[in-house]
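**Q**
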Amino acid sequence: MQAKKYILPTVILCLGLLLPQLLDFFGLQYLLSLATRALIYGLAASSLNLILGYGGLVSLGHAAFMGIGGYTAGILLYHVQEGSLISVLLPSASLCNSALVAWPLAMAFAALFALVTGLISLRTRGMHFIMITLAFAQMVYFFFTSLDTYGGSDGISLYGRNTLPGLDLDNDQVFYYLCLALLLLFLGLMHRLIHARFGRALIAGRENVVRLQALGIAPLGYQLSAYCLAGAVAGLAGALLVNQGEFVSPEMIHWTRSGELMVMVLVGGMARLFGPVLGAIVLLFLEEYLAMYTDHWMVIFGPFLILVVLFGRSGLYGLLFAGRQRP
Amino acid sequence: MLVFEQVLNGLQLGVMLFLMSAGLTLVFGIMRVINLAHGSFYMIGAYVAATVTARTGSFLLGLAAALPAAALAGMVVEFLILRRLYHRDHLDQVLATFGLIFFFNELTRMIWGRRPLFMEAPSWLSGSVPLFGGLQYPVYRLAVILVGILVALFLYLLFSRTRLGMQIRAGATNREMIGALGVNIPLLYTLIFGLGTLLAGLAGVMAGPLFAVEAGMGDSVLILTFVVIVIGGIGSVRGAFIGAILVGLVDTLARAFLPALFRLLLASPSSADRMGAALASMSVYIFMALVLSVKPAGLFPARE
Amino acid sequence: MTRPVLELEQVSKAYGGLRVCDDVDLSVRAGELHALIGPNGAGKTTLLDLISGLLLLDQGRIYFCGRDITRKPLHKRACLGLARSFQITSLFPGFTVQQTVELAVQAGENTSLFASMQRADRDARLREPAIRIMEQVGLGQRADIRAENLAHGEQRLLEMGMALASGASVLLLDEPMAGMGPGSAGDLSRLIKDLKGEKTILLVEHDMEAVFALADRISVLVQGRIIATGRPEEIRANDEVQAAYLGSKCWF
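Chains as they are written, first to last, in our numbering: chain A, 1 to 327; chain B, 328 to 631; chain C, 632 to 883.
1. Out of curiosity, what's the CA-to-CA distance linking V299 of chain A and L305 of chain A?
2. For I281 of chain A, decide whether its Cβ has a neighbour in chain B, counting only Cβ atoms nearer than 8 Å.
3. Determine the chain A residues that contact N432 of chain B at a beta-carbon separation under 8 Å, and present them in chain order.
4. If you follow the alpha helix (DSSP H) that K703 of chain C is part of, which residue opens it and which one closes it?
5. Assuming A794 of chain C and T727 of chain C form a contact by the criterion Cβ under 8 Å, report the distance between their Cβ atoms to the nearest whole angstrom.
6. Along the segment 126–149 of chain A, what residues have a CB closer than 8 Å to any CB found in chain B?
7. Can you name the residues of chain B whose CB is closer than 8 Å to the CB of M262 of chain A?
8. Quick one: what does DSSP say T831 of chain C is sitting in, helix, strand or coil?
9. Using a C-beta to C-beta distance shorter than 7 Å, which residues of chain B count as neighbours of V329 of chain A?
10. If we count Cβ pairs, one from each stretch, closer than 8 Å, do we get three or more for the segment 283–299 of chain A versus the segment 186–198 of chain A?
11. Could you list which residues in chain A have their beta carbon closer than 9 Å to that of R301 of chain B, in chain order?
12. Using the Cα positions of L31 of chain A and G725 of chain C, report the straight-line distance between them to the nearest angstrom.
13. Does the Cβ-Cβ distance between M446 of chain B and V540 of chain B come in under 8 Å?
14. Checking contacts by CB at 8 Å: is G792 of chain C closer than that to chain A?
15. Quick check on the DSSP output: what are the complete alpha helix (DSSP H) runs of length 4 or more inside the segment 513–575 of chain B, in order along the chain?
16. Does the segment 364–382 of chain B come into contact with the segment 509–519 of chain B, if we say contact requires no fewer than three beta-carbon pairs (one atom in each stretch) closer than 8 Å?
17. What residues in its chain sit with their C-beta under 6 Å from that of R660 of chain C, if we drop five residues either side in the sequence?
18. Can you tell me which of the three DSSP states F445 of chain B falls into?
19. Check distances from the C-beta atoms of the segment 182–195 of chain A to those of chain C and list, in chain order, the residues that come in under 7 Å.
20. Which residues does DSSP pair with I51 of chain A in a beta bridge?
21. Counting only beta-carbon separations shorter than 8 Å, does G861 of chain C have a partner in chain A?
22. Measuring only the C-alpha atoms, how far is A868 of chain C from A874 of chain C?
23. Considering only the alpha carbon of each residue, which of C:T831, C:G817, C:A778, C:L788 lies closest to L803 of chain C?
24. For the alpha helix (DSSP H) holding C696 of chain C, just list the boundary residues, first then last.
25. With DSSP run on the structure shown, which of helix, strand or coil describes E251 of chain A?
26. Please report whether the beta-carbon of G312 of chain A lies at a distance below 8 Å from any beta-carbon of chain B.
27. Checking the sheet assignment: what are the DSSP bridge partners for E640 of chain C?
28. Is the shortest distance between the beta-carbon of L215 of chain A and the beta-carbons of chain C less than 8 Å?
29. Since T435 of chain B and A542 of chain B are thought to touch, with beta carbons under 8 Å apart, how far apart are those beta carbons, to the nearest angstrom?
30. Let me check understanding here. Comparing Cα to Cα, which of A:S249, A:A226, A:G259 lies closest to I156 of chain A?
31. Looking at chain C, is there any beta carbon in it that lies within less than 8 Å of the beta carbon of G67 of chain A?
32. Can you give me the C-alpha to C-alpha distance between A567 of chain B and L363 of chain B, rounded to a whole angstrom?
33. Can you tell me which of B:A349, B:G454, B:F331 puts its alpha carbon nearest to the alpha carbon of G521 of chain B?
34. Hey, would you say L328 of chain A sits closer than 8 Å to F345 of chain B, going by beta carbons?
35. Does S743 of chain C come out as helix, strand or coil in the three-state DSSP assignment?
36. Determine the chain A residues that contact I635 of chain B at a beta-carbon separation under 9 Å, and present them in chain order.
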């Protein structure tokens, strides 16, 4: 009973570890970029899962964190490549270019935004919370759209990626493995959190917030911490995405992106550790292949989503093994 | 006089936001459903009006076609889909109505193509009139403001003088009670929803000559509508009115004057323009954050 | 006589024109079982809501162990040692019985946010007290059943278990026996009796047999006002109390 749960994740993990080699073998190298993006979106969706699936916070503004992280990395990369002002201010260009500087910075800015907006929005609940998170994300969208130096609404192309000592990130396979490693690292962290007292309090806040308070636990601290962590990780995912595509634009902050992340969490399975990764894979491949058949695949996807919501709530993960859902 | 002109522009935007948010705030407050697809009815109103107007040459016919179209579409959506979401949690509602947006946007592209439609203001509303101070203001925009005020008056009379209005108001404060009083709740909900989408459609029609008629036009208006509702208070039409006017004014005035203000403060005019423009686009949201920090439930919450 | 553990002074709460709690004075002594009775709609649950912090009062003061908790939020009062069970069962649907009780134990620990990173799943410090409490309320065999799948009576026991597990010194019990069959109600009654002395209990109940068997003192709440307070024999003999119940079911 216990072992059955681990079969599919293990299989997927093995597949994931060997994917670049498999793709090489079948001559499908061009799919590596798609797979990498699936991992990155899986990371972002997993961070959303923390606050949405486990925490019950319907945040419709998660793409904003990705955008803040992405733009942080993107702007630094841009300045290094342009050889302009900022690299003069900082000790050396290579420092700016380093992932060890850019990515933590991306996470920090995203976490800071999460802290400030979280303090305001987490005091509300239900519909208020949803709309406020959406509004804040829109604010970020408009902010970056208005930055003409960085391409405004068109965005900017970057040439090359951040650097890490000892690894050649410009190599797509190396980059893939890095994303995989980061994803697994975060999932491990999430697992630890969920099974700790922290996770219990967070999930209890989702199930019955008044009762939790009546027991003596104030949900705000837990929710805000989860929110900041989720924001930081989404910021990292944003930085990774910008590196992967070597391009940054406000499109990644458009509110439909936030919606897509939610769809990934739902379709994959909420409050399941691997669910969102599954959802990301499915959604990205769907977009890629349905788009080949018809430009208007959305007209089918919309009703499909509605049907899933109305009739199939446990997601793909729940479908695959109708096991007991542990909180 | 530039200020006065911008104030009028702000009122015009505010009035359109009011049309969007009046119905939606009721849906939020009474049926407690969060509906992301409200912008789609704005879009339907615009598209139907644009098409009929182009075919027949008459703006009034376009209007007459668009309003029932939006109302009917709304009621069908309510009947088929929204009804099943009333007792679901907000995530389900968000995702399902999100699916509706995808569907409507794509359907629109399929029927009308990707190019924006062109919609002309009717000739009897074109041109400008002189207002005091030598200002020439477009008749059409004045008409929009007028329509908005009339709708606000109509809603006020509806809520305070008619039985239907009373039932709606009662529903906003206590949903269970009106059921106990024998009101046909499913029908009431359908009507409320239809009223909301009709108003959204009206906003869409009026927006046609002012903004681009294209798929997805409802999405950005929707978010502003949300801001209005959050500021005004969920469930309160009065709050929606005041919130809408405030948001319309803040957005318009900020966009008009912040760059100029920054020019006074900063040496480089191009950075001033950029910073001013950036801040202006965020002004509404900052305003929302300020209001919320003082009044977390909005200015006129219908319920505590 | 020592300072009462719980004191209400002129507590009032009104909704518009309706005074749900009208100038209520109440004091509960340490270790006593104080019952709160009254006809339906008298405001008993509202009073418990005011004491536990679910509602904020309009006028008056509430003291807990001498401290003014009138403006303190819900969770702070619980941290101070005031536990509440709810009349309308309020559980965590997806949590098992054991997880629920462990959560209450965790709440009683008053861990900081950082300390909450400790593992909860196989922690003896949570599991052992939880097992003891589950045995105490009679849910030992149902440890792995999800709260939403429990029978009604078992849910009431879980409510009781949560109140006990947090380690609170004062229990506010809102109709703990509501909807329970005579057998289980009897068990619960015995459990509450065993707690007397060790915990201070403010009990709202309709089951008059239990009330008169358990209570050290009784307060009678009618239309938001306390019309009498005293020992069970005094209350039984009180004319005003009799009059308040005339016309409704015979309570005695």
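Positions of the beta carbon are idealized from the N, C-alpha and C atoms, including for glycine.
**A** Concretely, from the data shown:
1. Walking along the first sequence from the start, residue 299 of chain A turns up at place 299. Walking along the first sequence from the start, residue 305 of chain A turns up at place 305. If you take the alpha carbons of V299 of chain A and L305 of chain A, they lie about 10 Å apart.
2. As a working note, residue 281 of chain A is residue 281 in the first sequence. Taking Cβ atoms only, chain B never reaches closer than 8 Å to I281 of chain A, which makes this a no.
3. As a first step, residue 432 of chain B must be located in the second sequence, where it is residue number 105. By Cβ distance, chain A contributes M298.
4. Start at 1 with the first residue of the third sequence, and residue 703 of chain C comes out as number 72. K703 of chain C -> no alpha helix (DSSP H), and no H or E assigned at all.
5. Position 163 of the third sequence, counting from 1, holds the residue named residue 794 of chain C. Position 96 of the third sequence, counting from 1, holds the residue named residue 727 of chain C. The pair is not a contact, with the Cβ atoms about 18 Å apart (cut-off 8 Å).
6. G126, M127, H128, I130, M131, I132, L134, A135, F136, Q138, M139, F142, F143, T145, S146, L147, D148, T149
7. Taking the first residue of the first sequence as position 1, residue 262 of chain A is located at position 262. Simply L418, V421, L422, F425.
8. The residue you call residue 831 of chain C lines up with position 200 of the third sequence. Looking at T831 of chain C - three-state DSSP - the assignment turns out to be strand.
9. This structure does not reach residue 329 of chain A, given that chain A is present from 1 up to 327, and the question cannot be answered.
10. no
11. Limits of chain B in this structure are 328 at one end and 631 at the other, which puts residue 301 of chain B out of reach.
12. Your numbering for residue 31 of chain A matches position 31 in the first sequence. Your numbering for residue 725 of chain C matches position 94 in the third sequence. Between L31 of chain A and G725 of chain C, the C-alpha separation is close to 40 Å.
13. On the second sequence, residue 446 of chain B is found 119 positions in, with the first residue counted as 1. On the second sequence, residue 540 of chain B is found 213 positions in, with the first residue counted as 1. Cβ atoms of M446 of chain B and V540 of chain B: closer than 8 Å.
14. Within the third sequence, numbered from 1, the residue matching residue 792 of chain C stands at position 161. So no, G792 of chain C is outside the interface.
15. 544–559
16. no
17. Within the third sequence, the letter at position 29 stands for residue 660 of chain C. Once the five neighbours on either side are set aside, the close Cβ partners of R660 of chain C are P635.
18. As a working note, residue 445 of chain B is residue 118 in the second sequence. Correct three-state label for F445 of chain B: coil.
19. H195
20. Counting from 1 along the first sequence, the entry for residue 51 of chain A is found at position 51. Answer is none; I51 of chain A lacks a bridge partner.
21. Position 230 of the third sequence, counting from 1, holds the residue named residue 861 of chain C. No, its Cβ sits nowhere closer than 8 Å to a Cβ of chain A.
22. Indexing the third sequence from 1 puts residue 868 of chain C at position 237. Indexing the third sequence from 1 puts residue 874 of chain C at position 243. Straight-line Cα distance between these residues: approximately 11 Å.
23. For the purposes of this step, residue 803 of chain C is identified with residue 172 of the third sequence, where counting begins at 1. For the residues C:T831, C:G817, C:A778, C:L788, the minimum Cα distance to L803 of chain C belongs to C:T831.
24. By 1-based counting over the third sequence, the position of residue 696 of chain C is 65. That residue, C696 of chain C, is in no alpha helix (DSSP H); it is neither H nor E in DSSP.
25. To locate residue 251 of chain A, count along the first sequence from 1; it is residue 251. Correct three-state label for E251 of chain A: helix.
26. Residue mapping note: residue 312 of chain A aligns to position 312 of the first sequence, counting from 1. Cβ-Cβ to chain B under 8 Å: no for G312 of chain A.
27. Numbered from 1 along the third sequence, position 9 holds the residue referred to as residue 640 of chain C. Its beta-bridge partners are C:R692.
28. The residue given as residue 215 of chain A occupies position 215 in the first sequence. Closer than 8 Å to some Cβ of chain C, the Cβ of L215 of chain A qualifies, so yes.
29. Locating residue 435 of chain B in the second sequence gives position 108, counting from the first residue. Locating residue 542 of chain B in the second sequence gives position 215, counting from the first residue. Their Cβ separation, rounded to whole angstroms, is 4 Å, which keeps T435 of chain B and A542 of chain B in contact under 8 Å.
30. Locating residue 156 of chain A in the first sequence gives position 156, where the first residue counts as 1. Cα-wise, what sits closest to I156 of chain A is A:S249.
31. Translated into positions along the first sequence, residue 67 of chain A becomes position 67. Answer no: the Cβ-Cβ gap between G67 of chain A and chain C never drops below 8 Å.
32. Counted from its first residue, the second sequence places residue 567 of chain B at position 240. Counted from its first residue, the second sequence places residue 363 of chain B at position 36. When rounded, the distance between both Cα atoms is 17 Å.
33. Taking the second sequence and counting its residues from 1, one reaches residue 521 of chain B at position 194. It is B:A349 whose Cα lies nearest to the Cα of G521 of chain B.
34. Chain A is shown from 1 up to 327; residue 328 of chain A falls before or after that span and cannot be answered.
35. Your numbering for residue 743 of chain C matches position 112 in the third sequence. DSSP places S743 of chain C in coil when its eight states are reduced to three.
36. Coverage of chain B is limited to positions 328 through 631, which leaves residue 635 of chain B absent and any answer about it impossible.
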